[in-house]
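The block underneath contains the structure these notes are about, expressed in structure tokens.
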Amino acid sequence: MRQSLKGWRSGPGWAIHSLCSFLYSHAAPSARKWYCYECLSRSAHQALAHSTKQITGEHMELTVTQQERPWDRPFWKPVHGKEGVFTYLVLIHVLAVIGLILFPVPSFKVVGMTLLSIAFGGLGTTVCYHRMLAHKTLKTNQFIEQFLIFWAVFNGSGHPASWVAYHRLHHSVTDTPEDISSPKQGGFWWAHLRWLYQTQPADKKRWAPELTGGVYKIWGWAETPVIVFSICAGLILGFGWMGFFWMGAIRLVYSLHMQCLVNSLTHLKRVEEGDSSMNVWWLGPFQLTAWGENWHQNHHTHAGSARLGLRWYQTDIGWYFIWMLEAVGLAHSVKRPRAS
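All letters in the sequence shown, in the order written, are residues 8 to 347 by our numbering.
Next up, the structure:
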């Protein structure tokens with residue numbers, strides 16, 4: 008086996024694969040989707056697969072396939088280090104089902120508090136995590152920023168550095184094999200949910216270095232207490248078991264799937280190569296927690312803009328919130344789409 012591998016490493020498959028990997032790893036993130044990978048990767052992988060099959064047989068071929076196609080793993084099997092994420096996802100779904108059985112019709116007070124939590128959580132994710140931290144399309148003071156980060160964590164969006172690192176990676180390699188959340192590679196359910204617990208975390212120091220130190224360190228230890236409080240908020244705030252289920256797990260499951268639809272549903276446009284993002288107008292009324300994220304093709308076309316709804320009829324509550332912050336002096340350096 009060692010001799011076979013040694014011989015393969017000196018062959019054409021290894022040479023092409025090594026050249027492709029070197030150029031791809033040294034390319035600027037913004038250029039990666041065009042530089043090297045598209046032109047060389049296909050031939051490299053063909054040579055790699057051919058050489059592997061010839062020299063090491065079906066066992067090694069299966070190993071390479073498993074490594075390159077994580078969506079072929081059983082859906083119930085998280086990768087090492089993501090067991091906690093998988094447990095959390097199972098827990099909130101089980102609790103949500105129980106809650107709907109026990110309390111199918113909640114009180115007006117509970118509905119109001121649930122919708123209020125969804126609203127603030129959605130603003131935390133779309134305005135703070137997505138538009139402000141990931142794309143730097145606006146700036147605000149530390150109080151507003153940390154307030155919105157709290158609500159994003161409360162919304163189940165995780166640590167800001169993790170979210171931003173994943174998102175920047177996605178934009179740098181959109182819908183290529185390196186895009187770990189693309190339905191173009193693993194299908195709808197992979198992009199919708201499974202990638203959350205079946206891929207390794209994006210490198211935060213590489214993709215979001217400014218969010219790994221300073222005041223952001225607090226969310227490293229605060230994330231778990233905040234999400235526990237999020238699950239139990241209804242009970243803690245005195246709304247009883249009805250509040251526990253509706254303001255906790257049911258809200259979190261709703262918010263989760265509305266956000267996940269941005270990765271799955273809005274990337275289902277049929278294209279042979281390149282960006283598959285598309286606007287999904289009918290998702291807007293259902294997507295209270297995403298606040299304009301359904302205009303996803305607009306976002307990929309104008310990623311440097313804080314505004315996602317570009318037409319007057321494209322409702323974008325996240326943008327309206329940013330506009331109000333800017334109007335009262337709480338936001339500045341707000342970037343708008345360039346005229347095309």
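Ideal Cβ positions, reconstructed from N, Cα and C, are used throughout, including at glycine.
Bear in mind the structure is a predicted one, so any value in this text is a computation, not a measurement.
#1: According to DSSP, is H162 helix, strand or coil?
#2: Compute the beta-carbon to beta-carbon distance between I324 and A313, rounded to the nearest angstrom, for a pair I have assumed lies under 8 Å.
#3: So, is V269 buried or exposed, given that buried needs 16 or more other C-beta atoms within 10 angstroms?
#4: May I ask you to report which of helix, strand or coil DSSP gives L47?
#5: I need the DSSP call for Q338, collapsed to helix, strand or coil.
#6: Do N162 and S237 have their C-beta atoms within less than 9 Å of each other?
#7: Of the residues I234, D182, T147, R213, which one's Cα is nearest the Cα of V160?
#8: Assign I99 to buried or exposed, taking buried as 16 or more other Cβ atoms, counted over all protein chains shown, within 10 Å of its Cβ.
#9: So for T206, helix, strand or coil by DSSP?
#10: Does the count of Cβ pairs from the segment 139-155 and the segment 109-118 closer than 8 Å reach three?
#11: I125 and Y261 look like a contact to me (Cβ under 8 Å); what is the Cβ gap, rounded to whole Å?
#12: Whole angstroms is fine: what's the gap from Q153's alpha carbon to S164's?
#13: Nearest by alpha-carbon distance to I156: which of C135, P81, V278 is it?
#14: CB M120 to CB M254, shorter than 9 Å?
#15: Do M285 and H303 come within 9 Å of each other at the CB atom, strictly closer than that value?
#16: In chain order, what are the residue ranges of uninterrupted alpha helix (DSSP H) at least 4 long that sit wholly in the segment 240-304?
#17: For a minimum of 4 consecutive residues, which ranges assigned as the alpha helix (DSSP H) are wholly contained in the segment 183-230?
#18: Are three or more beta carbon pairs between the segment 175-189 and the segment 241-259 nearer than 8 Å?
#19: Quick check on the burial criterion: 16 or more other C-beta atoms within 10 angstroms. Buried or exposed for L315?
#20: Do you know offhand how far I225's Cα is from V278's?
Well, looking at it:
#1: This sequence places Asn at residue 162; His is not what is there. If DSSP states are grouped into helix, strand and coil, N162 belongs with coil.
#2: So it is not a contact: roughly 13 Å between Cβ atoms.
#3: buried
#4: Its pLDDT being 31, under 50, L47 is placed unreliably in this model, and the value from its coordinates should be taken loosely. Reduced to three states, the DSSP call for L47 is helix.
#5: What sits at residue 338 in the sequence shown is Ala, not Gln. A338 falls in the strand class under three-state DSSP.
#6: yes
#7: I234
#8: buried
#9: coil
#10: no
#11: 7 Å
#12: 14 Å
#13: C135
#14: yes
#15: yes
#16: 247-251, 258-270
#17: 190-193, 202-205, 211-214
#18: no
#19: buried
#20: 42 Å
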